[in-house]
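Here the structure is laid out as structure tokens; the discussion comes afterwards.
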Amino acid sequence: MKYQNFYKNSIENPEEFWAEQANQLEWFKAPEQIISKDKYNYTQWFSDGQLNLSYLCIDKHINAGFGAQDAIVYDSPVTHTKQHISFNQLHHEVSKLAGGIQDLGLQKGDTCIIYMPMIPQALYAMLACARIGVIHSVVFGGFAPHELAIRIDDCKPKLIITASNGIEIERIIPYKPFVDEALVKAMNKPKHVIVFDRELGVEIPKKNYDVDYLTLVDKSPSIEAVSLESTHPSYILYTSGTTGTPKGIIRDTGGYATALKFSMKYIYGLNEGEAFWAASDVGWVVGHSYIVYGPLLNRNTTILFEGKPIKTPDASTFWRVISEHNVKVMFTAPTAIRAIKKEDPTGHMIKRFDLSCLKYQFLAGERCDVATLNWTEEKLNVPVIDHWWQTESGWPMLANMVGVGLQPVKPGSAGLPVCGYDIQILNEEGDVVKDNVEGYVAVKLPLPPGTLSNLWGNPERFKFGYLNRFPGYYFSGDGGYKDEDGYVFITGRVDDIINVAGHRLSTAEMEEIVASHKAVAECAVFGVHCELKGQKPLGLVVLKSGETLDNRVIQKEIIQDVRKEIGAVASFRDVLVVDRLPKTRSGKILRKLLRNIADERQYNIPSTIDDVTIIEEIKTKYQTHHIGIYK
């Protein structure tokens with residue numbers, strides 16, 4: 007009943023509920039106007055309040071006497087480095103970098119792109135920008151120069167902060183050369199690029215716009231945190247759009263801080279001073295909310311891990327980190343657990359470590375299959391909590407709120423609605439459906455604090471993409487259903503966004519690249535089930551008449567094209583050459599039908615199909631090339 011009453015209060019009395027949560031923060035000017043509307047008639051939170059995220063993450067704790075506590079533990083098995091960074095040290099690094107950024111001419115409201123690996127300097131850069139009101143946009147280091155250039159042209163940064171290189175298991179990722187290549191492609195040219203040399207023997211191409219990170223920090227003054235409006239954008243974070251053009255999600259400052267502080271206590275069940283580990287990347291929303299801002303706001307020690315669940319050095323690395331750094335709550339994607347399970351199916355490696363510190367294991371980023379949930383629960387012997395949220399929401403929408411009281415776990419469900427989210431399942435007409443009937447997952451407005459406030463430079467796309475489909479609701483883009491106990495089951499995207507190992511990627515964008523190959527007449531790219539990554543993209547191509555190139559050469563070139571334009575993160579490795587694609591009589595390619603065939607699920611052939619014989623041809627192709635759910 008405690009959860010039910012708590013949740014009900016948040017829905018029926020949102021103003022009082024969130025005012026009380028906002029009081030948990032130290033505001034420079036406490037808000038009096040809790041809910042208001044902006045010029046687009048969209049809800050804003052705490053609009054007359056003033057605060058600063060960097061101050062709340064660092065200075066507040068030092069002032070309270072916790073300067074010596076570990077703020078960050080950097081654990082990098084790929085470089086054999088471990089570093090404990092106190093709040094005092096964090097203050098020194100962040101405040102001086104902020105001074106350096108200011109000396110380069112940036113001020114409140116300017117934008118800065120951060121393109122860095124999982125190193126402490128990435129966190130310093132984010133917090134330094136927040137300290138002076140510069141709006142940062144972190145671009146995931148796995149994205150290729152083309153993708154980086156698109157983001158540079160959209161948010162028009164005055165500065166880019168990068169590193170010499172990133173490190174994968176067996177290769178070096180050339181971050182600085184990628185930035186240089188992106189700047190050649192981009193129309194917008196920032197004046198400066200700050201470069202952190204990792205001193206790993208990697209040659210850094212020197213450019214006139216380069217600024218050495220360490221030299222800049224060394225000579226710069228220490229800067230105090232500035233007072234910012236609650237509605238001031240803290241960052242822009244790009245997420246895949248159905249058109250292939252990424253959408254720049256804008257996050258505010260006051261609502262975000264309130265929601266994250268709330269979530270650390272009530273969703274993840276953490277007390278101040280405890281260690282929390284989100285095994286993600288700062289380029290994703292999980293990294294923003296739960297590697298950087300959420301834990302530091304709540305005075306939790308955050309684990310910054312530069313490695314992989316396997317091969318760094320083996321499938322025991324997660325358990326070593328938890329044991330060694332006394333992690334209370336851990337959060338990763340089901341893909342990571344599946345990779346570990348594949349390498350160590352009996353869980354033998356888990357037994358090497360004392361995991362008595364671990365209280366909860368959270369999973370998110372993609373749908374968690376029941377087998378993975380059960381295996382994790384059995385091997386770790388702690389509650390395993392699947393939960394669901396999006397880049398747009400910024401923090402969980404469905405969860406088992408363990409800080410309120412652990413509810414029964416239902417495998418296959420992402421849990422119950424989180425406080426503030428009035429989640430409904432709607433049909434095509436926008437009516438609420440009955441229990442156990444699948445429909446569109448939507449959230450009744452207003453959304454709670456911390457969620458997206460707009461799209462960067464594109465309010466019309468914001469309304470079209472999220473608000474217009476079902477008036478009075480935010481449309482999540484996902485399908486799902488509620489059971490009779492109120493648990494929500496997410497069944498997957500209803501558009502052409504696929505989820506590859508927790509990364510949202512646009513198949514429309516991949517299709518554009520595949521279609522541009524000189525041998526391709528037409529194509530379709532869609533997501534199929536993958537035992538390890540959840541989904542993976544599959545391309546079907548029809549070649550131009552008279553094409554003489556060998557099919558294998560064409561397939562290899564297409565795969566290389568996608569890797570070059572989007573990056574290795576796309577995991578695009580499967581291309582099938584077919585004689586034709588199944589279409590409706592009006593010419594629409596039947597992607598859902600193709601996906602069901604590949605996944606070996608039941609399907610109905612629509613009456614509008616132009617030629618039914620093609621289905622058997624494509625099924626034979628799949629079977630010949632061993633693509634499908636059981637292969």
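For the sequence shown, the numbering used here assigns the number 7 to the initial residue and increments by one for each residue that follows.
Where is the CB? At the ideal position from N, CA and C, for every residue including glycine.
As the structure is a computational prediction, the values presented were derived from the model and not from experiment.
(message) Helix, strand or coil for residue 295? Go by DSSP, reduced to three states.
(response) helix
(request) Return the CA-CA distance between residue 585 and residue 348, expressed in angstroms with no decimal places. (result) 36 Å
(request) Over the uninterrupted alpha helix (DSSP H) stretch that includes residue 305, give me the two end residues. (result) Careful: residue 305 lies outside any alpha helix (DSSP H) and carries neither H nor E.
(message) Please identify the residue among 153, 318 and 245 whose C-alpha is closest to the C-alpha of residue 173.
(response) 318
(message) Extract the residue ranges of the alpha helix (DSSP H) inside the segment 361-407, only unbroken runs of 4 or more that lie entirely within it.
(response) 376-386
(message) Do residue 283 and residue 328 have their beta-carbon atoms positioned less than 8 Å apart in this structure?
(response) yes
(request) Under 8 Å by Cβ, that's how I've got residue 589 and residue 616 pegged, so tell me the actual separation to the nearest angstrom. (result) 5 Å
(request) Please state if the CB of residue 303 and the CB of residue 265 are separated by a distance shorter than 8 Å. (result) no
(request) Please name the residue in 52, 11, 37 and 291 whose C-alpha comes closest to that of residue 454. (result) 52
(message) Within the continuous alpha helix (DSSP H) that includes residue 482, where are the two ends?
(response) First-last for residue 482: 479-488, but that is the beta strand (DSSP E), not the alpha helix (DSSP H).
(message) Check whether the segment 132-142 and the segment 51-71 are in contact - that is, three or more C-beta pairs closer than 8 Å.
(response) yes
(message) Rounded to the nearest angstrom, what separates residue 633 and residue 340 at their Cα positions?
(response) For residue 633, the pLDDT reaches just 48, beneath the cut-off of 50, and the residue's location in the model is therefore unreliable, leaving the point undetermined.
(request) Measure from the alpha carbon of residue 651 to the alpha carbon of each residue in 521, 379 and 272, then state which is nearest. (result) No answer is possible for residue 651: the residues shown for the chain start at 7 and end at 637.
(request) Apply the 10 Å Cβ neighbour rule to residue 108 and answer buried if 16 or more other Cβ atoms are within range, or exposed otherwise. (result) buried
(request) Name the two residues that bound the continuous alpha helix (DSSP H) containing residue 15. (result) 8-18
(message) Just to confirm before moving on: does the CB-CB distance between residue 255 and residue 79 stay below 8 Å?
(response) no
(message) So residue 196 and residue 220 are supposed to be a Cβ contact under 8 Å. How far apart are they, rounded?
(response) About 20 Å; that fails the 8 Å criterion.
(message) Please list the terminal residues of the continuous beta strand (DSSP E) segment that includes residue 198.
(response) 198-202
(request) Can you check the segment 519-591 for any alpha helix (DSSP H) of at least 4 residues that lies completely inside it and give the ranges in chain order? (result) 557-571
(request) List the whole-angstrom C-beta distance separating residue 581 from residue 564, where the pair is believed to meet the contact cut-off of C-beta under 8 Å. (result) 5 Å
(message) Between the alpha carbons of residue 635 and residue 456, how many angstroms are there, rounded?
(response) Caution is warranted here: a pLDDT of 34 is assigned to residue 635, below 50, making its placement in the model unreliable, and no coordinate value can be reported.
(request) Tell me, please, whether the segment 411-430 touches the segment 486-494 by the rule of three or more beta-carbon pairs shorter than 8 Å. (result) yes
(message) With the cut-off set at 8 Å, would you say residue 449 and residue 482 are in Cβ contact?
(response) yes
(message) The alpha helix (DSSP H) that contains residue 94, what's its start and end?
(response) 93-109
(message) Taking the beta strand (DSSP E) that residue 495 belongs to, which residues open and close that run?
(response) 494-499
(request) For the alpha helix (DSSP H) holding residue 161, just list the boundary residues, first then last. (result) 151-161
(request) Could you check which residue in 210, 433, 395 and 388 has the C-alpha nearest to that of residue 412? (result) 388
(request) In angstroms with no decimal places, state the Cα-to-Cα distance between residue 380 and residue 415. (result) 11 Å
(request) Please list, in chain order, all residues of the same chain as residue 627 whose beta carbon is under 7 Å from its beta carbon, the five residues on each side excluded. (result) 582 and 584
(message) I need the straight-line Cα distance from residue 17 to residue 390, nearest angstrom please.
(response) 27 Å
(message) For a test of the three-state rule: what should DSSP assign to residue 352, helix, strand or coil?
(response) coil
(request) Determine the extent of the beta strand (DSSP E) in which residue 503 is found, giving its start and end residues. (result) 503-506
(message) Quick check: the Cα distance between residue 269 and residue 507, rounded to an integer number of angstroms?
(response) 24 Å
(message) Tell me which residue opens and which closes the alpha helix (DSSP H) that residue 261 is part of.
(response) 260-272
(message) Just verifying my parser: in three-state terms, what is the DSSP assignment at residue 86?
(response) coil
(message) By the DSSP assignment, the alpha helix (DSSP H) with residue 682 in it spans what residues?
(response) Residue 682 is absent from the model: the chain starts at 7 and stops at 637.
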